[in-house]
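Just below is one structure, and these are the notes that go with it.
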Amino acid sequence: NDPILKTIKSFVMKTLSKLVSTSSISLLVITSPVLISGSHKKINVSSNATTVSAATHLSFSTNNTSNRNLNTANFVAAATSTAVSEKKADFAMNAAAKKAFEVKMVILEASSIYDSMRLNRSGLNQKAFEYAWRGYHNLVKNGSLNKTNVLTICDFTQSSRNKRMYIIDVQNRKLLMRTYVSHGMNSGVDYATSFSNRPESFKTSLGFYVTSKTYVGRNGLSLKMTGLEKGYNSLASKRGIVIHGSDYITSEYLKNNGEMGRSLGCTAIPTQVNAKVIKTIKNGSCFFIYHPTKKYLAQSTIING
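Just so you know, we're using this note's numbering here: the sequence shown kicks off at 965 and counts up by one.
This is how it looks when you write it as structure tokens:
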């Protein structure tokens, strides 16, 4: 009564019929048990503990029993092999369909959350949230996050003049904080448009990170991050990419200089909120830097699962 075994049996039966219709072997009966006499030969096809018995008639003329047995064995082997191949293809197709359905449901969930939280009013790009949610979903599913209740998004479709870092309480569907965040000095002026994983590039690295431990360095309290995406941010630790406070990413600096300051690649935030931000997101939460770079979005193994 196992449905998988029934399916395999059905595939074998269909394959036998296909092979019979195009070969010199004509299928007389497919049943179990089977009555065999004269030039009929009983064959048993076994596949994963299910047995299919069939009676075949060898239409070619021969008295050589060994040749008959050999041809019958080859016939059965071909039928079984084809059936198994078709079954594997069916399983693969089902897996692909299941994955496509899962992605669709995650996108619908993201859209629902975006609307219910009215994130459009905060300026957060809907696609930024959708891709962040897809990646977050996969990281949670894979057990990559120690802290799953917080999601941070840096929306680099926006100018650095905007408060474009969003810290979201996933569990309670609440926007906890929104603040300024810098990009690398070689990534652009007002807008970040160029990104790199290369050391000494002084550019921002796109993609998903997991926050780590804090330390006190030349920029005061800072937070280490681990880049998760090969080719995009996997060298973040080597480059010394961290979250730290700075006075060049504040409204006062913008007013006095006409533009926001930029970093050497780090995600600098206003010193006034630095401690609060770090306390909220440290020790294993999801941190996502978004830009609609087509190559990245197509190649991201975290977004695409």
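Just so it is clear, CB atoms sit at the ideal spot from N, CA and C, and this is done for glycine as well.
Buried or exposed for P1163, going by 16 or more other Cβ atoms inside 10 Å? exposed
For N1238, count neighbouring C-beta atoms within 10 Å of its own C-beta (all shown protein chains included) and say buried if the count is 16 or more, exposed if not. buried
Cα separation between G1171 and T1257? 10 Å
Since S1333 contacts M1224 with CB under 8 Å, what's their CB separation in whole angstroms? Not covered by the structure: residue 1333. The range shown for the chain is 965 to 1269.
Quick one: grab the DSSP three-state call for S1080. helix
Can you give the Cα-Cα distance for E1216 and E1066, rounded to whole angstroms? 45 Å
At which residues does the beta strand (DSSP E) containing R1142 begin and terminate? 1138-1143
For H1255, the first and last residue of its enclosing alpha helix (DSSP H): H1255 -> no alpha helix (DSSP H), and no H or E assigned at all.
For L1139, collect the residues of the same chain with a Cβ closer than 8 Å to its Cβ; drop the 5 residues on either side in sequence, then sort them by chain order. M1081, L1083, S1086, Y1130, I1131, I1132, D1133
Which value, in whole angstroms, describes the spacing of the CA atoms of L1072 and G1181? 42 Å
Do the CB positions of K1127 and R1137 come within less than 7 Å of each other? no
When burial is assigned at 16 or more other CB atoms within 10 Å of the CB, is V1153 buried or exposed? exposed
Round the Cβ separation of I1207 and G1099 to the nearest angstrom and send it over; I've been treating them as touching at under 8 Å. Between G1099 and I1207 the Cβ distance is about 18 Å, and since that is not below 8 Å, they are no contact.
In whole angstroms, what is the alpha-carbon distance linking L1109 and S1075? 23 Å
Quick one: what's got a C-beta closer than 7 Å to P1234's C-beta in the same chain, skipping five residues either side? T1143, Y1144, G1209, I1213, T1214
In this structure, what does DSSP give as the bridge partners for M1129? C1118, T1143
Rank V1114, V1070, Y1095, D1119 by C-alpha distance to the C-alpha of S1264 and give the top, closest one. Y1095
Which listed residue (S1176, K1167, F1093, W1097) has its alpha carbon closest to that of I1242: S1176
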